[in-house]
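Colleague: Per the UniProt record's numbering, the very first residue in the sequence shown carries number 1; after that it's consecutive. Built from N, CA and C at the ideal position, the CB exists for glycine as well. These figures come from a predicted structure and were not determined experimentally.
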Amino acid sequence: MTDSALVVVDMLYDFIDGSLACLNSKNAVNEAAAFIDKMTAGQNGDENDILDTFPILFVCDHHPAEHCSFSENGGTWPAHCVAGTHGGAVHDKLQPYINEVLTFYKGCDRDCEQYSGFEGMNKAGQSMGEVLDLLDIRDVYVCGIATEFCVKATCLDLLKAGFNVHLLSGALAYVDQDGHRKALDEIRAAGAEIL
């Protein structure tokens with residue numbers, strides 16, 4: 001076991017090339033995959049062995065079709081990441097590392113918007129904080145989409161919970177460059193290391 005893990009936030013098709021495609025998203029996926037390869041170098045390729053030595057947690061928007069955040073329902077965003085759709089699926093390059101216990105779904109309640117991975121639950125009803133504590137993780141690397149929203153909220157909650165956060169700046173996608181820079185400044189000021 002290790003005391004570090006990776007949290008992959010919303011690397012889902014709707015944020016990569018779908019209804020809410022973000023800037024730098026395809027590059028962010030490639031950078032995340034390269035980081036996983038680096039951290040798991042020398043493993044035999046068995047996903048279970050890799051997850052034992054370097055846990056990879058996924059945070060996924062998982063909305064019902066009538067979610068409150070959708071513009072057609074009075075919200076801010078176009079429909080995105082609807083449960084069971086291609087747009088709500090994790091990118092193929094990262095699929096081999098998905099583990100049900102380490103996947104946290106947020107935004108599942110149609111009347112509640114959630115940005116932070118800490119607000120989601122895995123299918124067993126455990127929060128990300130609970131699982132990280134069970135695994136004795138202290139250092140958390142974070143990558144994902146979008147810096148200004150779900151990545152920022154997840155990083156800030158990790159820091160509040162006492163984790164050491166290392167943000168992989170090359171493996172981030174964002175809505176706009178200015179918002180991305182401001183979010184990085186806020187995350188850094190809260191105590192994260194920007195790599």
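In this structure, how does DSSP classify G144 when only helix, strand and coil are distinguished?
Modeller: Translated into the one-based positions of the sequence shown, residue 144 becomes position 144. G144 falls in the strand class under three-state DSSP.
Colleague: Since P55 and A5 are thought to touch, with beta carbons under 8 Å apart, how far apart are those beta carbons, to the nearest angstrom?
Modeller: Your numbering for residue 55 matches position 55 in the sequence shown. Your numbering for residue 5 matches position 5 in the sequence shown. So it is a contact: roughly 4 Å between Cβ atoms.
Colleague: Mapping the DSSP letters down to three states, classify L135 as helix, strand or coil.
Modeller: Locating residue 135 in the sequence shown gives position 135, where the first residue counts as 1. Looking at L135 - three-state DSSP - the assignment turns out to be coil, as it is neither helix nor strand.
Colleague: Is there contact between the region 170-177 and the region 123-137, where contact requires at least three CB pairs shorter than 8 Å?
Modeller: At 8 Å Cβ cutoff, the stretches do not touch.
Colleague: Using 8 Å as the threshold, is the region 20-30 in touch with the region 155-163, meaning 3 or more CB pairs across them?
Modeller: Output reads no: the region 155-163 does not touch the region 20-30.
Colleague: Who are the near neighbours of C22 in its chain, counting only those whose CB is closer than 7 Å to its CB and skipping five residues on each side?
Modeller: For the purposes of this step, residue 22 is identified with residue 22 of the sequence shown, where counting begins at 1. Cβ within range, chain order: F15, I145, A146, A173, Y174, V175.
Colleague: Do residue 197 and V90 have their C-beta atoms closer together than 8 Å?
Modeller: What is shown of the chain runs 1 to 195, which leaves residue 197 out entirely.
Colleague: If you check the beta carbons only, do D136 and D3 fall under 8 Å apart?
Modeller: Against the sequence shown, residue 136 aligns to sequence position 136. Against the sequence shown, residue 3 aligns to sequence position 3. Yes. Within cutoff.
Colleague: Going by other Cβ atoms of all chains shown within 10 Å of its Cβ, with 16 needed for buried, is A189 buried or exposed?
Modeller: Residue 189 sits at position 189 when you count from the first residue of the sequence shown. Exposed, by the Cβ-count rule.
Colleague: Out of curiosity, what's the CA-to-CA distance linking M1 and E72?
Modeller: Residue 1 sits at position 1 when you count from the first residue of the sequence shown. Residue 72 sits at position 72 when you count from the first residue of the sequence shown. Unreliable positioning characterises M1 in this predicted model, as indicated by a pLDDT of 46, which lies under 50. A coordinate reading is not provided.
Colleague: If C60 and D10 are in contact, beta carbons under 8 Å, what's the gap, nearest whole angstrom?
Modeller: Taking the sequence shown and counting its residues from 1, the one referred to as residue 60 is at position 60. Taking the sequence shown and counting its residues from 1, the one referred to as residue 10 is at position 10. That pair is a contact at about 7 Å.
Colleague: Taking the alpha carbon of G84 as the reference point, which residue from A65, T76, V101 has its own alpha carbon closest?
Modeller: Here residue 84 corresponds to residue number 84 of the sequence shown, with the count starting at 1. For the residues A65, T76, V101, the minimum Cα distance to G84 belongs to A65.
Colleague: Identify the continuous beta strand (DSSP E) that holds N30 and give its terminal residues.
Modeller: For the purposes of this step, residue 30 is identified with residue 30 of the sequence shown, where counting begins at 1. Run containing N30: none in the beta strand (DSSP E); it sits in the alpha helix (DSSP H), 25-39.
Colleague: Under 8 Å between the Cβ atoms of G120 and E148?
Modeller: Within the sequence shown, the letter at position 120 stands for residue 120. Within the sequence shown, the letter at position 148 stands for residue 148. Their beta carbons are not under 8 Å apart, which means G120 does not touch E148 by this criterion.
Colleague: Distance, Cα to Cα, A192 vs C143?
Modeller: Along the sequence shown, one-based indexing puts residue 192 at 192. Along the sequence shown, one-based indexing puts residue 143 at 143. One C-alpha to the other measures close to 13 Å.
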